[in-house]
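Chains as they are written, first to last, in our numbering: chain A, 36 to 149; chain B, 36 to 149; chain C, 4 to 139; chain D, 4 to 139.
We put the beta carbon where it would ideally sit given N, CA and C, even for glycine.
Computed from a prediction, not measured in an experiment: that's the story for all the values here.
Have a look at the structure below, then the notes.
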Amino acid sequence: MQLETRMQNERVVIAVKEERLDAHNSNELKERILRTLEEGGRRLVVDLSAVKFIDSSGLGALLSGYKNANQRSGSFILSGLQPRVRSMFELTRLNRVFEIYPGLEEALSGQGVG
Amino acid sequence: MQLETRMQNERVVIAVKEERLDAHNSNELKERILRTLEEGGRRLVVDLSAVKFIDSSGLGALLSGYKNANQRSGSFILSGLQPRVRSMFELTRLNRVFEIYPGLEEALSGQGVG
Amino acid sequence: MSVDIVVPNQTRYLRLIGNIAEQIAKELETSCYDQDTLAYHLNLVLTEAVANAIEYGDAKSPNHNVKVCLSIHDKDLRISVYDHGQGFDITSVPAPDLDKLEERGRGIFFIRNLMDTVAYHRSEGGNVLEMHKSLG
Amino acid sequence: MSVDIVVPNQTRYLRLIGNIAEQIAKELETSCYDQDTLAYHLNLVLTEAVANAIEYGDAKSPNHNVKVCLSIHDKDLRISVYDHGQGFDITSVPAPDLDKLEERGRGIFFIRNLMDTVAYHRSEGGNVLEMHKSLG
Ligand SMILES: Nc1ncnc2c1ncn2[C@@H]1O[C@H](COP(=O)(O)OP(=O)(O)O)[C@@H](O)[C@H]1O
Ligand SMILES: Nc1ncnc2c1ncn2[C@@H]1O[C@H](COP(=O)(O)OP(=O)(O)O)[C@@H](O)[C@H]1O
Chain A
36 MQLETRMQNE
46 RVVIAVKEER
56 LDAHNSNELK
66 ERILRTLEEG
76 GRRLVVDLSA
86 VKFIDSSGLG
96 ALLSGYKNAN
106 QRSGSFILSG
116 LQPRVRSMFE
126 LTRLNRVFEI
136 YPGLEEALSG
146 QGVG
Chain B
36 MQLETRMQNE
46 RVVIAVKEER
56 LDAHNSNELK
66 ERILRTLEEG
76 GRRLVVDLSA
86 VKFIDSSGLG
96 ALLSGYKNAN
106 QRSGSFILSG
116 LQPRVRSMFE
126 LTRLNRVFEI
136 YPGLEEALSG
146 QGVG
Chain C
4 MSVDIVVPNQ
14 TRYLRLIGNI
24 AEQIAKELET
34 SCYDQDTLAY
44 HLNLVLTEAV
54 ANAIEYGDAK
64 SPNHNVKVCL
74 SIHDKDLRIS
84 VYDHGQGFDI
94 TSVPAPDLDK
104 LEERGRGIFF
114 IRNLMDTVAY
124 HRSEGGNVLE
134 MHKSLG
Chain D
4 MSVDIVVPNQ
14 TRYLRLIGNI
24 AEQIAKELET
34 SCYDQDTLAY
44 HLNLVLTEAV
54 ANAIEYGDAK
64 SPNHNVKVCL
74 SIHDKDLRIS
84 VYDHGQGFDI
94 TSVPAPDLDK
104 LEERGRGIFF
114 IRNLMDTVAY
124 HRSEGGNVLE
134 MHKSLG
């Protein structure tokens, strides 16, 4: 799975460089997020701008990240959701749970974060 | 089938606005070329830059245009072949038959034409 | 029109199955549905159903196959996904509590939401998830 | 892995079949082949074979179907295209004279060029074009 992790504006940005986030690769994303938290990362941004398709396991991996970041008093935000990906968050009402920014730039300059 | 016909630099440009030129639509291209010739068009350019896939019937439609233009002492040139489309011309050696320009601009300013 | 697909029970084939579903959606004439939305929905329904067939269907035999049948006749779309596992009672799977932040349990929810009818029963020495949607 | 497709014998389905072939090509592990080139070639072979099955296969019954079977096992790709026409002797189809500017007659040429073996014979109350290619 293509995942890019980098520091930017004192956040750890994990950019998912895959068109699909599904049961084939979502576990790898979940592990990467966990490892980032274990290594001390506290302000996480997951950039989904390349993702055209997400399934229930992809949503699950993001929820896992969200919960684990909260447990550690970290922040966990999402950016760059394409419209159809966003509609899956809406169908499951997860758009009310996650802090979601249109693009990475907004996410990095976001107020009230972490 | 999406075909755009327009006059440009005293040529008739027929732009194929389809990703596939196959047995489903090649006859329509063939008819359009014939009609253009019947209506007096003599210097034809077929722009294939949007075409990602061509089959034997697509090649046949272009050959029909080539032969009919020649019969009427007209010119018939092709532009904008994508690499894989071009390789079908090579496999059938039709690249030696057709006058082919990389892009429409070159085709319109081409020397020794019509 | 119908398309039958048999792939090894490995998640790497989810993409192929989902993509084929999208290609089929592109050819469907629908009045009440945006074509790209329908493509996403069919992709999702198949991805969820096949992921379950892989996860719950006989993990002991890693070389087992998963079979998917898609058919469209007169605006009736039917999808069947076969597995060789223990099976389950789909009617007893509750709708997920969307306010609880469970990591799992949204697959059947998506399928029920996006298809008109969903049933699961024994078939061909295994089980089949049968789904139907009218594109009318 | 295998994919079977049944579509009405209408050329508008060539695109679907060609696109499915491209999706399958994307999943194949090939050492000796560029993936996009393989995708184009499979698309072309299927487009040509199915176009022939539609054109020469029982035009009298406009509601007839065309069946295509694709399978890959151990780097062996097999494609079968069924038709319900009069049939023909493929061994007597000559290679086209590429210097003559015939509008037709390049379909079988492409198929022979891009596949390792090609055969055509009676089958299932009709005919089948069987093609094979090693992706090894
Ligand atoms: N093909 C299947 N065979 C057996 N059990 C299944 C199958 N599909 C679904 N289930 C059961 O239904 C439950 C809900 O499935 P689903 O909504 O996809 O969520 P998840 O798979 O994430 O748990 C699963 O936890 C499983 O117990
Ligand atoms: N499925 C088929 N049934 C009967 N005849 C066929 C079939 N496929 C091909 N042929 C014969 O083989 C010839 C060559 O086919 P092809 O190379 O595809 O060229 P084209 O179809 O353009 O003539 C056709 O003209 C036809 O006579």
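Check                                                                                                       : Outcome
Heavy atom of ligand 1 within 6 Å of N116 of chain C beta-carbon                                            : no
DSSP-derived helix/strand/coil call for F111 of chain B                                                     : strand
Residues of the stretch 40-60 of chain C whose Cβ lies closer than 8 Å to any Cβ of chain A, in chain order : T40, Y43, N46, L47, T50, E51, A54, I57 and E58
N- and C-terminal bounds of the alpha helix (DSSP H) containing H44 of chain D                              : Q38 to Y59
Chain-ordered chain B contacts of T33 of chain D [CB-CB under 8 Å]                                          : Result: empty, since nearest Cβ-Cβ is about 16 Å, beyond 8 Å.
Heavy atom of ligand 1 within 6 Å of D86 of chain C beta-carbon                                             : yes
Chain B contact for L132 of chain D (CB, 7 Å cutoff)                                                        : no
Counted within 10 angstroms of its Cβ, other Cβ atoms place K1 of chain D as buried (16 or more) or exposed : Here chain D has residues from 4 to 139 only, and residue 1 of chain D is not among them.
Contact with chain D by G95 of chain B, beta-carbon distance below 7 Å                                      : yes
Whether L19 of chain C touches E30 of chain D by CB criterion (7 Å)                                         : yes
Cβ neighbour criterion (16 or more within 10 Å) applied to G147 of chain B                                  : With a pLDDT of 42 at G147 of chain B, under the threshold of 50, the predicted position of this residue should be treated as unreliable, and no value is reported.
Contact check, N1 of chain C vs I57 of chain C, beta carbons under 7 Å                                      : Residue 1 of chain C cannot be examined here, being either before or after the span of chain C that is shown, 4 to 139.
Collapsed DSSP secondary structure at R107 of chain D in the structure displayed                            : coil
Near ligand 1: F111 of chain A beta-carbon under 6 Å from a heavy atom                                      : no
is_contact[E30 of chain D, chain C] using C-beta, thresh 7 Å                                                : yes
G60 of chain D vs G21 of chain D beta-carbon contact at 7 Å                                                 : no
Neighbour list for L126 of chain B in chain D, Cβ cutoff strictly below 8 Å                                 : F113 and N116
Nearest-angstrom beta carbon gap, I135 of chain A and G100 of chain A [assumed within contact, 8 Å]         : About 13 Å; that fails the 8 Å criterion.
Option nearest R119 of chain B by Cα separation, candidates B:L83, B:S144 and B:S92                         : B:L83
C-alpha gap between R131 of chain B and A98 of chain D, whole angstroms                                     : 19 Å
Proximity of F133 of chain B and L113 of chain B at Cβ, strictly below 7 Å                                  : yes
Closest residue to D57 of chain B among D:R15, D:F91 and D:D86 (Cα-Cα distance)                             : D:R15
Residue from D:S5, D:Q26, D:F112 and D:T33 whose Cα sits closest to the Cα of N55 of chain D                : D:F112
Under 7 Å between C-beta atoms of S92 of chain B and S61 of chain B                                         : yes
Candidates B:G115, B:Q106 and B:R107: closest to I49 of chain B by CA position                              : B:G115
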